[in-house]
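Chemist: The listed protein sequences derive, respectively, from chains P, E and U. Here the first sequence is numbered in the working numbering, starting from 462 and rising by one per residue. Here the second sequence is numbered in the working numbering, starting from 254 and rising by one per residue. Here the third sequence is numbered in the working numbering, starting from 46 and rising by one per residue. We put the CB at the ideal spot given by N, CA and C, even for glycine. Being a predicted model, the structure only gives us computed values, none of them experimental. Here it is: the structure, laid out below.
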Amino acid sequence: MKKKQTWYALFLAFVIGLFAVANYSTDSEEYSPIPTAEIAKEETPFDKMMRVLTHERCVNCHPNDNIPKQGNDSHPHYFGMARGKANMGFEATKCTTCHQSENNAYSGVPGAPEWSLAPAQMYWEGLNRVEIATSMLDPERNGGRTPEETMHHLTEHELVLWAWNPGVDANGIPREKPPVSKEDYIKAVKQWFEEGHIIPSE
Amino acid sequence: MTISLNVNGISQTVEITDGNTPLLWVIRDLLDLKGTKFGCGKAACGACTLHIDGEAVRSCSYPVKLAKGKTITTIEGLGNEENPHPVQQAWMEEIVPQCGYCQPGFMMATAALLDKIPEPTDADIDRNIINVCRCGTYYRMRKAIHKAAELSKSIETVKSENDA
Amino acid sequence: MPNNKKKISRRKFLVRGGLGTVGVVAIGSYIFRNPIRRQILGMANSMDMAYMGDTGNPMLWFEITKENSILLHSPKVEMGQGTFTSLAQMAADELEVPMHLIQVVHATTATGNIDGMSTGGSTSVSGLWQPLREMAATLREMLTLEAAKKLALQPKDLVLDKGTITGGNKTLTYAQIAEGVSEWDVPETPTLKSLKDYKYIGKPIPRVDLGAKVFGDPIFGMDATMPNMLYGTVVRPTKIGAIFEGADISQAEKMPGVVKIVQEPDFVGVVATSLTAAENAKNNISVTWKTPNNLNTEDIVAMMTVGNGKSTIIQKEGSALDEEEEEVVSLEFRSPIGAHAQIEPNGVLASVEGTRATIKIATQVIGLTRKEVAERLELDEENVNVIPTYLGGGFGRRLHTPHAIQAAVMSKAVGQPVKYFFTRQEEFQHDMFRPPTHHILKGKLNNEGLLEGLEHHFVSGDVGNNSAMIPSLLPTVLGADIGAIRGGFIQYTKIPNLRSTYWHVTLPFATSWWRSLGLLANTFAMESFIDAMAVKAGKNPVDFRLAQIEDDAAGKRLKAVIQAASDKANYQDDIKEGRAMGFAASVDAGTPCAQVAEISIENGAIKVHKVTCAMDPGVAVNPDQVRAQCEGAIIMGLSAAMHEQMYVEDGTLKPTIYGPYQMALMKHAPKEIDIVLLQGRDTPGAVGEPPLGPIGAAIANAVFRLSGKRLQEMPLKLV
Numbered sequence: 462m463k464k465k466q467t468w469y470a471l472f473l474a475f476v477i478g479l480f481a482v483a484n485y486s487t488d489s490e491e492y493s494p495i496p497t498a499e500i501a502k503e504e505t506p507f508d509k510m511m512r513v514l515t516h517e518r519c520v521n522c523h524p525n526d527n528i529p530k531q532g533n534d535s536h537p538h539y540f541g542m543a544r545g546k547a548n549m550g551f552e553a554t555k556c557t558t559c560h561q562s563e564n565n566a567y568s569g570v571p572g573a574p575e576w577s578l579a580p581a582q583m584y585w586e587g588l589n590r591v592e593i594a595t596s597m598l599d600p601e602r603n604g605g606r607t608p609e610e611t612m613h614h615l616t617e618h619e620l621v622l623w624a625w626n627p628g629v630d631a632n633g634i635p636r637e638k639p640p641v642s643k644e645d646y647i648k649a650v651k652q653w654f655e656e657g658h659i660i661p662s663e
Numbered sequence: 254m255t256i257s258l259n260v261n262g263i264s265q266t267v268e269i270t271d272g273n274t275p276l277l278w279v280i281r282d283l284l285d286l287k288g289t290k291f292g293c294g295k296a297a298c299g300a301c302t303l304h305i306d307g308e309a310v311r312s313c314s315y316p317v318k319l320a321k322g323k324t325i326t327t328i329e330g331l332g333n334e335e336n337p338h339p340v341q342q343a344w345m346e347e348i349v350p351q352c353g354y355c356q357p358g359f360m361m362a363t364a365a366l367l368d369k370i371p372e373p374t375d376a377d378i379d380r381n382i383i384n385v386c387r388c389g390t391y392y393r394m395r396k397a398i399h400k401a402a403e404l405s406k407s408i409e410t411v412k413s414e415n416d417a
Numbered sequence: 046m047p048n049n050k051k052k053i054s055r056r057k058f059l060v061r062g063g064l065g066t067v068g069v070v071a072i073g074s075y076i077f078r079n080p081i082r083r084q085i086l087g088m089a090n091s092m093d094m095a096y097m098g099d100t101g102n103p104m105l106w107f108e109i110t111k112e113n114s115i116l117l118h119s120p121k122v123e124m125g126q127g128t129f130t131s132l133a134q135m136a137a138d139e140l141e142v143p144m145h146l147i148q149v150v151h152a153t154t155a156t157g158n159i160d161g162m163s164t165g166g167s168t169s170v171s172g173l174w175q176p177l178r179e180m181a182a183t184l185r186e187m188l189t190l191e192a193a194k195k196l197a198l199q200p201k202d203l204v205l206d207k208g209t210i211t212g213g214n215k216t217l218t219y220a221q222i223a224e225g226v227s228e229w230d231v232p233e234t235p236t237l238k239s240l241k242d243y244k245y246i247g248k249p250i251p252r253v254d255l256g257a258k259v260f261g262d263p264i265f266g267m268d269a270t271m272p273n274m275l276y277g278t279v280v281r282p283t284k285i286g287a288i289f290e291g292a293d294i295s296q297a298e299k300m301p302g303v304v305k306i307v308q309e310p311d312f313v314g315v316v317a318t319s320l321t322a323a324e325n326a327k328n329n330i331s332v333t334w335k336t337p338n339n340l341n342t343e344d345i346v347a348m349m350t351v352g353n354g355k356s357t358i359i360q361k362e363g364s365a366l367d368e369e370e371e372e373v374v375s376l377e378f379r380s381p382i383g384a385h386a387q388i389e390p391n392g393v394l395a396s397v398e399g400t401r402a403t404i405k406i407a408t409q410v411i412g413l414t415r416k417e418v419a420e421r422l423e424l425d426e427e428n429v430n431v432i433p434t435y436l437g438g439g440f441g442r443r444l445h446t447p448h449a450i451q452a453a454v455m456s457k458a459v460g461q462p463v464k465y466f467f468t469r470q471e472e473f474q475h476d477m478f479r480p481p482t483h484h485i486l487k488g489k490l491n492n493e494g495l496l497e498g499l500e501h502h503f504v505s506g507d508v509g510n511n512s513a514m515i516p517s518l519l520p521t522v523l524g525a526d527i528g529a530i531r532g533g534f535i536q537y538t539k540i541p542n543l544r545s546t547y548w549h550v551t552l553p554f555a556t557s558w559w560r561s562l563g564l565l566a567n568t569f570a571m572e573s574f575i576d577a578m579a580v581k582a583g584k585n586p587v588d589f590r591l592a593q594i595e596d597d598a599a600g601k602r603l604k605a606v607i608q609a610a611s612d613k614a615n616y617q618d619d620i621k622e623g624r625a626m627g628f629a630a631s632v633d634a635g636t637p638c639a640q641v642a643e644i645s646i647e648n649g650a651i652k653v654h655k656v657t658c659a660m661d662p663g664v665a666v667n668p669d670q671v672r673a674q675c676e677g678a679i680i681m682g683l684s685a686a687m688h689e690q691m692y693v694e695d696g697t698l699k700p701t702i703y704g705p706y707q708m709a710l711m712k713h714a715p716k717e718i719d720i721v722l723l724q725g726r727d728t729p730g731a732v733g734e735p736p737l738g739p740i741g742a743a744i745a746n747a748v749f750r751l752s753g754k755r756l757q758e759m760p761l762k763l764v
């Protein structure tokens, strides 16, 4: 009887442990034993930046299969819309058939200037944060940008910053924003680049 | 807010308090052109498709303020009984419409497609024509799209012969 | 003069002076007789419905304009099914006028000639086949008699041609003949022409509404306007069963463009100067709802399980199968909640002035709409004029349109016309859905590999029951829901032991008529099972079906379509170049239909390449439009069978928009549809719904042949 109870306690501890890990890993792909509460103060500029760049608001338009994703469940864009030849949709039915230069509160269709998919080589979907950062700095995969140009792109481009003004969905419910404020994100990106844009090993 | 725009070849000036009002309602309720339809208001069904500067746009999701100075074509401006657009002509020859409600949006989307791809393949059609029809007229629409391409081609031929 | 004439008193004529038209009235004499219960149940499945308009009173059917065209006031609405064109063909042939002289318009309640029941059930053309032709022929004879008078000749000496009558060397148009006539000689109903003599009936005449629909004419309910029109919205709950308790309107009242917030015991509405102003104000009203439940799809599925609710045996031959026996095969099937998803949302324009109301509306129930508005506003029914418009899709969704009441109440409150329509979210959450179903099929083969016994046990939510259109007593009398049982009967009449048992469960949200009613789901279950039994018997599914149908009149017609579909498609069991065929057949409202679906599986998804369809609707008044109905029904049925599904989450019906509510698009529609029409009887039968029957099972059966998987649930998915 006693033995049984011990096993039970051990099992419970194991489950709680799993839960803690699971709980943390929603923030990023990687495993870290640091308890959630401590993240805020321990977080590096890289951590902060990548918590944004791995969010659905960003990754949904950096697909690995030419199909834009939608929503927090990142489902394929409805109606079979896809990249097309110039990342702007198909020949006659383009991104701009529905998406304009700003969000539309009546329809719930999101919009921003240059609404389009990131070019195919800039895919992030399925990559971990280290791989995304590596891709971001690789001129072969970042549109030939220097690190400084990439920094400007990440902190100034209206389509990137749309993530903090994502509008409402078809039912009028506000879309979820990235988990870091725009100001903190911009600060973090700039700091990371200024400090030599070093990509940690994991 | 005053907005000037050109609709079906006619310059129009619209007075409106909410510049975010979807273009659809300006076209339907202020300019009284009822051929552009409301189906969902969410840019999902395509019934409100019209052309802005020659591009297919779903007008339920297009704020009128962005239409300032733009050239807009609706189904009423695409063609008329005396001078139907090849798409409309093909739609009549294939007897496409059933209830008819979604058809203007489909015809506008098709006209835009033929403008970009004069002789679309079935795959071109499947990619670009993604409006929703509940009566299930897709089968005849596909035939009509191919026929419209033929008609446009023969019109082009006649035109160039006349020019020569 | 022949002495078999009777004079209709002037009082019974509706002479429309001063409108540029010459009025002519015709009176029908078709009375719907109530057969006894069993016959009605049988009729619901197999027989044609009679025309159910009020034919006891004089009503305006035809008007002859000064320009010599003929206005046909249609008691049936045009919702895409092509009825206007078929009616015009019928009238033109008996009136001896060319098609272009006939203009079909919707009758209004003010002109009287409305179908008191509805437009639905695939009955418009078949129901009006006899009365309309007889009335047209009567009018033709009345004009002939009148021309004889005017020309001082005998009727036999006159020649009718293209809307004119010539006698001696004088020619009069119908308009000239009718001008100024206030008393007509009305002959006994003339003998109708024979089918072979018709110029238009039986020919693929282009739709009469083609131009209007291709050039974007304002013909729909959504397009209706009136001077000084305002825009209304009504706050609707998002949760199932929510009851309105009250609203805080203080914010909304102050918003720009708001004319009035209308508060009633059962709803709150906003009237504003523009639609967007009304919508914006509506979003700022905070409503208190009493929400009784937080249901989920699993709860609905649990409710919708055979054995729940009340049961009725609708078909019984021989003895029941013994469940203990090893040879008894049993399979279960399910279908989900389906939305109508018609593209024109429900809407209405109402104008109430003093004791009178005018309602412009896309509806399938004109009389019921008038009655409901009159009751709520305490007006006399004759002072409520319902003017039907073209419908941007019907499919059964508009067999109850009580939103006319809300618009009328709002119009009365502001003293101006009010236009009100549903948002798409409201359309999806407040649909009257196709009910989900559950089926248990049981069968046993005999030594020859044919069925010795077959049973269909099925449960459905309301279709006809609790419908505003059906007298509330009727379901009690009948015991079964006349809509849900459509297609629920076993058509393999040679099988000695048959049972079909229907179970009824009323769901906590509205379910109702959806094009073809129970047919799609019932046929999916039944014909999938027949296929499974054919496979078990090692027989070709076409031969397996043909061997088990009696050679009575109905059976012969069913066999003929099965054979025709099989021949035309060159049906075979083998997989060829990655494609397989599936076969299914059904009988609905007396019209048998068989289909072959040819499919492949591409990246795990079912792709339907071709559908062959053989149908026997009797006389096809307009064969092109019969084909159009077949094509449309196949695609709509494919959409429902392969893509569509509503679900319930935390007491809310979802999804609320196209896209998440997946439907067949251009790319999903078969690129080839091959239709064979047979004429197994000499009158027109049902067309609009029967071809929706077989498609789901035909696809599922093809999937089985290709993948070995027996799909038992709609929407059909391989993963």
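Using a cut-off of 7 angstroms between C-beta atoms, extract the partners of T468 of chain U located in chain E.
Modeler: Reading the third sequence from its first residue, position 423 is the one you call residue 468 of chain U. Correct list: G294.
Chemist: Assuming K321 of chain E contacts L277 of chain E (C-beta within less than 8 angstroms), just tell me the rounded distance between them.
Modeler: Stepping through the second sequence from its first residue, residue 321 of chain E is reached at position 68. Stepping through the second sequence from its first residue, residue 277 of chain E is reached at position 24. Cβ-Cβ separation between K321 of chain E and L277 of chain E: approximately 16 angstroms, too far for a contact (criterion under 8 angstroms).
Chemist: Kindly list, in the order they appear in chain P, the residues whose Cβ is closer than 7 angstroms to that of I702 of chain U.
Modeler: Walking along the third sequence from the start, residue 702 of chain U turns up at place 657. Per Cβ cutoff of 7 angstroms: A631.
Chemist: So that I know if they touch, is there some Cβ in chain E lying closer than 8 angstroms to that of E647 of chain U?
Modeler: Counting from 1 along the third sequence, the entry for residue 647 of chain U is found at position 602. It does not; no Cβ of chain E falls within 8 angstroms.
Chemist: Report yes if the C-beta distance between I359 of chain U and F534 of chain U is below 8 angstroms; otherwise report no.
Modeler: Here residue 359 of chain U refers to the residue found at position 314 when the third sequence is read from its first residue. Here residue 534 of chain U refers to the residue found at position 489 when the third sequence is read from its first residue. The answer is yes: Cβ separation under 8 angstroms.
Chemist: Answer with yes or no whether the minimum CB distance from E552 of chain P to chain E is below 8 angstroms.
Modeler: The residue given as residue 552 of chain P occupies position 91 in the first sequence. Yes, contact with chain E.
Chemist: What does the alpha-carbon distance come out to for the pair R393 of chain E and P715 of chain U?
Modeler: Counting from one through the second sequence, the residue named residue 393 of chain E turns up at place 140. Counting from one through the third sequence, the residue named residue 715 of chain U turns up at place 670. Their backbone Cα atoms lie some 11 angstroms apart in a straight line.
Chemist: Taking 8 angstroms as the threshold (beta carbon to beta carbon), is F654 of chain P in contact with chain E?
Modeler: On the first sequence, residue 654 of chain P is found 193 positions in, with the first residue counted as 1. No, its Cβ sits nowhere closer than 8 angstroms to a Cβ of chain E.
Chemist: Within the continuous beta strand (DSSP E) that includes M660 of chain U, where are the two ends?
Modeler: For the purposes of this step, residue 660 of chain U is identified with residue 615 of the third sequence, where counting begins at 1. Per DSSP, M660 of chain U belongs to the beta strand (DSSP E) from A650 to M660.
Chemist: From what residue to what residue does the beta strand (DSSP E) around N430 of chain U run?
Modeler: Looking up residue 430 of chain U in the third sequence gives position 385. Under the DSSP assignment, N430 of chain U falls in the beta strand (DSSP E) whose first and last residues are V429 to P433.
Chemist: Could you round the C-beta distance between P735 of chain U and S131 of chain U to whole angstroms and report it? I think they count as a contact, below 8 angstroms.
Modeler: Against the third sequence, residue 735 of chain U aligns to sequence position 690. Against the third sequence, residue 131 of chain U aligns to sequence position 86. Actually they do not touch by this definition, with Cβ atoms about 16 angstroms apart.
Chemist: At a Cβ cut of 9 angstroms, what residues of the segment 378-391 of chain U count as close to chain P, listed as they run along the chain?
Modeler: none
Chemist: At 3 residues or longer, and completely inside the segment 263-298 of chain E: list those beta strand (DSSP E) runs for me, N to C.
Modeler: 263-268
Chemist: Below 8 angstroms on C-beta distance, what does I383 of chain E contact in chain P?
Modeler: What you label residue 383 of chain E is simply residue 130 of the second sequence in a count that begins at 1. In chain order: F540, G541, M542 and T554.
Chemist: Excluding sequence positions up to five away, which residues of its chain have a Cβ less than 6 angstroms from the Cβ of L320 of chain U?
Modeler: As a working mapping, residue 320 of chain U is identified with position 275 in the third sequence. Hits under 6 angstroms: Y276.
Chemist: Hey, does P350 of chain E have any beta-carbon neighbour from chain P nearer than 8 angstroms?
Modeler: Locating residue 350 of chain E in the second sequence gives position 97, counting from the first residue. Not closer than 8 angstroms to any Cβ of chain P, the Cβ of P350 of chain E fails to qualify, so no.
Chemist: Smallest Cα separation from Q724 of chain U: which of U:G438, U:A609 and U:M708?
Modeler: Mapped onto the third sequence, residue 724 of chain U falls at position 679. Selected option, being the one with the closest Cα: U:A609.
Chemist: Spell out a yes or no on whether the segment 441-454 of chain U and the segment 557-572 of chain U are touching, meaning 3 or more CB-CB pairs, one atom from each, closer than 8 angstroms.
Modeler: yes
Chemist: Whose Cβ in chain P lies nearer than 8 angstroms to the Cβ of R387 of chain E?
Modeler: Start at 1 with the first residue of the second sequence, and residue 387 of chain E comes out as number 134. None at all; the shortest Cβ gap to chain P is about 15 angstroms.
Chemist: Could you tell me the alpha carbon to alpha carbon distance between T333 of chain U and H523 of chain P, rounded to whole angstroms?
Modeler: Taking the third sequence and counting its residues from 1, one reaches residue 333 of chain U at position 288. Taking the first sequence and counting its residues from 1, one reaches residue 523 of chain P at position 62. Each residue's Cα considered, the two are about 42 angstroms apart.
Chemist: To which residues of the same chain is E426 of chain U closer than 7 angstroms at the C-beta, ignoring the five residues directly before and after it?
Modeler: In the third sequence, residue 426 of chain U corresponds to position 381, counting from 1. If we look at E426 of chain U and ignore the five residues flanking it on each side, its Cβ neighbours are R415, K416 and A419.
Chemist: Check whether chain P comes within 8 angstroms of P176 of chain U, counting only Cβ atoms and requiring the distance to be less than that.
Modeler: Translated into positions along the third sequence, residue 176 of chain U becomes position 131. No - not a single Cβ of chain P is within 8 angstroms of the one on P176 of chain U.
Chemist: In the DSSP assignment, what residue or residues form a beta bridge with Y465 of chain U?
Modeler: Taking the third sequence and counting its residues from 1, the one referred to as residue 465 of chain U is at position 420. U:G277 and U:V393.
Chemist: I222 of chain U: buried (16+ other C-beta within 10 angstroms of its C-beta) or exposed?
Modeler: Here residue 222 of chain U corresponds to residue number 177 of the third sequence, with the count starting at 1. I222 of chain U should be labelled buried.
Chemist: Let me check one thing: in DSSP terms, what residues is Y692 of chain U bridge-paired to?
Modeler: For the purposes of this step, residue 692 of chain U is identified with residue 647 of the third sequence, where counting begins at 1. DSSP, once it has assigned bridges, lists U:K699 as partnering Y692 of chain U.
Chemist: Hey, out of U:M681, U:E186, U:T153 and U:D206, whose CA is closest to Q199 of chain U's CA?
Modeler: Your numbering for residue 199 of chain U matches position 154 in the third sequence. The shortest Cα separation from Q199 of chain U among U:M681, U:E186, U:T153 and U:D206 belongs to U:E186.
Chemist: Three or more C-beta pairs closer than 8 angstroms, one from the segment 485-496 of chain U and one from the segment 364-377 of chain U: is that the case here?
Modeler: yes
Chemist: Around the C-beta of A89 of chain U, are 16 or more other C-beta atoms found within 10 angstroms, so that it is buried, or is it exposed?
Modeler: Locating residue 89 of chain U in the third sequence gives position 44, where the first residue counts as 1. Its pLDDT being 40, under 50, A89 of chain U is placed unreliably by the model, and nothing is read from it.
Chemist: Which runs of the alpha helix (DSSP H) spanning at least 4 residues fall entirely within the segment 303-342 of chain U, listed in chain order?
Modeler: 320-327
Chemist: Name, please, each residue of chain U whose Cβ falls closer than 8 angstroms to the Cβ of T274 of chain E.
Modeler: By one-based count along the second sequence, residue 274 of chain E stands at place 21. Per Cβ cutoff of 8 angstroms: S319 and T321.
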